[in-house]
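This report refers to the structure that appears directly beneath it.
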Amino acid sequence: MSVLPTTTGAGAPPQPRPRTSRPSLRWALAFLGVLTAVLAVRTWVVTPFEVVSDSMAPTLPEGSTVLVERVSLTWQDPGRQDLVLFDSADGPVIKRVVGTEGDTVRIEDAVLQVNGEPVHEPYVDLATLDGVFFGPVVVGEDQLFVLGDNRFDSIDSRTYGPIPVDAVRGRVIAP
Numbered sequence: 201m202s203v204l205p206t207t208t209g210a211g212a213p214p215q216p217r218p219r220t221s222r223p224s225l226r227w228a229l230a231f232l233g234v235l236t237a238v239l240a241v242r243t244w245v246v247t248p249f250e251v252v253s254d255s256m257a258p259t260l261p262e263g264s265t266v267l268v269e270r271v272s273l274t275w276q277d278p279g280r281q282d283l284v285l286f287d288s289a290d291g292p293v294i295k296r297v298v299g300t301e302g303d304t305v306r307i308e309d310a311v312l313q314v315n316g317e318p319v320h321e322p323y324v325d326l327a328t329l330d331g332v333f334f335g336p337v338v339v340g341e342d343q344l345f346v347l348g349d350n351r352f353d354s355i356d357s358r359t360y361g362p363i364p365v366d367a368v369r370g371r372v373i374a375p
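Heads up: the sequence shown begins at 201 in my numbering, then just goes up one per residue.
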């Protein structure tokens, strides 16, 4: 008499597991998911940007790469002292916001004044600007007044006027 193995009980032989997917397919899908997430973050959240002029020196020397954050613009407009990336007629540029809606901006003997008060700017070399005068200019509704830190070699709102807030593409978060 022969004994047939049963499929139940402790002595049952292991049953093979059905193969539902290939490991290489799972790795490929995981890689595509990570790649998509990285590209989404780079496109809509944080973007690297190369500085192509000396207009923001010494803060951002030509050739340096900065990170530009884009998300916070949906709930907060840029404020004074923010470094912003915006679209100009010459392409994207980075400048410092020195005046917002309603502010009166002027430069008297190289010293920036906003609403009649001098602004402390340790990043600006006043010796290169001795005798420079500009303004006054009142910043309009939904506009920003922007200047380069290298005032002697910067094309900014002194040339093309205040910029629209909606031209700003992001804030510089890591010089």
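Where is the CB? At the ideal position from N, CA and C, for every residue including glycine. Small disclaimer: the values here were computed from a predicted structure and weren't measured.
Which residues share a DSSP beta bridge with residue i?
i: Ala257; result: According to DSSP, which records beta bridges pairwise, Ala257 is partnered with nothing at all.
i: Leu312; result: Ile307
i: Val293; result: Phe286
i: Glu269; result: Val246, Arg371
i: Pro318; result: Gln313
i: Pro364; result: Gln343
Could you please give the first and the last residue of the uninterrupted alpha helix (DSSP H) stretch that includes residue i?
i: Arg358; result: 357 to 360
Helix, strand or coil, according to DSSP, for residue i in the structure here?
i: Ser264; result: coil
i: Pro223; result: helix
i: Gly340; result: coil
i: Gly302; result: coil
i: Met335; result: Inspection of the sequence shows that residue 335 is occupied by Gly rather than by Met. It is a strand residue.
i: Arg351; result: helix
i: Gly279; result: coil
At what residues does the beta strand (DSSP E) containing residue i begin and finish?
i: Asp287; result: 283 to 288
i: Ala374; result: 368 to 374
i: Phe345; result: 343 to 347
In terms of alpha-carbon separation, which member of the options lies closest to residue i?
i: Ile294; options: Asp309, Gly316, Phe345; result: Phe345
i: Ala257; options: Arg358, Asp349, Ala374, Asp356; result: Asp349
i: Ser354; options: Trp227, Ser253, Gln343; result: Ser253
i: Pro302; options: Asp342, Asp330, Asp290, Arg351; result: According to the sequence provided, residue 302 is Gly. The question's Pro does not apply to it. The shortest C-alpha separation from Gly302 is found at Asp342.
i: Val305; options: Ala289, Asn315, Arg296, Trp275; result: Asn315
i: Gly340; options: Ala310, Ser357, Val251, Glu317; result: Ser357
Sorry if obvious, but does the Cβ on residue i come closer than 7 Å to a heavy atom of the ligand SAM?
i: Asn350; result: Ligands are entirely absent from the displayed structure, and the ligand SAM is therefore not among its contents.
Fill in: Touch test, the stretch 322 to 329 against the stretch 279 to 288, Cβ-Cβ under 8 Å, three pairs minimum
no
Worksheet item: Is the stretch 356 to 372 touching the stretch 261 to 273, taking contact as three or more C-beta pairs under 8 Å?
Response: yes
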